[in-house]
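Taking it in order: structure first as structure tokens, then the write-up.
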Amino acid sequence: MLRYIDFGLSHMEVPGEASICIYITGCPNRCPECHYPELQLQDNGELLGKNLDTILAFYSPIASCVCFLGEGSAGDADRIELTDYAEKAHDLKLKCCLYSGRETEIEDWMQVFDYVKVGRYRKSCGPISSPNTNQRMYKKTNEGYTDITTEFW
């Protein structure tokens, strides 16, 4: 079951969106010099399923998107849980974003998300706001996913 350590509203994580950011723990990526090393801890934080409805009810009147920063262990159970939460947010007319952090293409299970950020953090390349970044942000369109990384620059 997915756990989180923090949440809040941000206008910086997803271009053009007021995002409810939920920081998911259990990240297996172990990126050197990670911005959020506390997200690497397993079984850290509160159960997201226990509190998601309350978080969404509080922020949904002023938010346009829910951004899950992390995907837990990236196992099948966590993926199913994340897609269920994305569908719940969509029912509230909120868009959804996933910050994966893995070196991957958009996977089938990710199709439920309106935005997907992929790529490990590499200090030598800089964060997504750097033109040298290795990370990519994609936005879902009628034709598939479009790379919108340059909107951070």
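Numbered per this note's numbering, the sequence shown finishes at 370, counting up by one with no gaps. Just so it is clear, CB atoms sit at the ideal spot from N, CA and C, and this is done for glycine as well. In this text the structure is predicted, and so the values were computed from the model without any measurement.
Item: Considering Cα atoms alone, identify which of I237, D223, G287 is closest to F275.; Value: I237
Item: Which same chain residues, not among the five before or five after D223, have their C-beta less than 6 Å away from its C-beta?; Value: Y240
Item: From D295, P278, L311, H228, pick the residue whose C-alpha is nearest to that of P245; which is it?; Value: D295
Item: Buried or exposed: M218, going by 16 or more other Cβ atoms within 10 Å of its Cβ?; Value: exposed
Item: Just the Cα atoms here: how many angstroms apart are P254 and G287?; Value: 12 Å
Item: Taking the alpha helix (DSSP H) that D270 belongs to, which residues open and close that run?; Value: 265–276
Item: Could you please give me the residues that DSSP links to M354 through a beta bridge?; Value: K334
Item: Please report the straight-line C-alpha distance between K357 and G343, rounded to a whole angstrom.; Value: 24 Å
Item: Going by the CB atoms, is the gap between V333 and R319 shorter than 8 Å?; Value: no
Item: Answer yes or no: do L265 and R220 have a C-beta to C-beta separation smaller than 8 Å?; Value: yes
Item: Could you give the residue range of the alpha helix (DSSP H) that holds L299?; Value: 293–308
Item: Please list, in chain order, all residues of the same chain as S227 whose beta carbon is under 7 Å from its beta carbon, the five residues on each side excluded.; Value: S236, C238
Item: Tell me whether the beta-carbon of C251 lies closer than 8 Å to the beta-carbon of F285.; Value: no
Item: Assuming the contact rule is C-beta atoms closer than 8 Å, V329 and T363 should be a hit. Round their C-beta distance to whole Å, please.; Value: About 17 Å separates the two Cβ atoms, so there is no contact after all.
Item: With a 10 Å radius around its C-beta and 16 neighbouring C-beta atoms as the bar for buried, classify M327 as buried or exposed.; Value: buried
Item: Can you tell me where the beta strand (DSSP E) holding V283 begins and where it ends?; Value: 282–286
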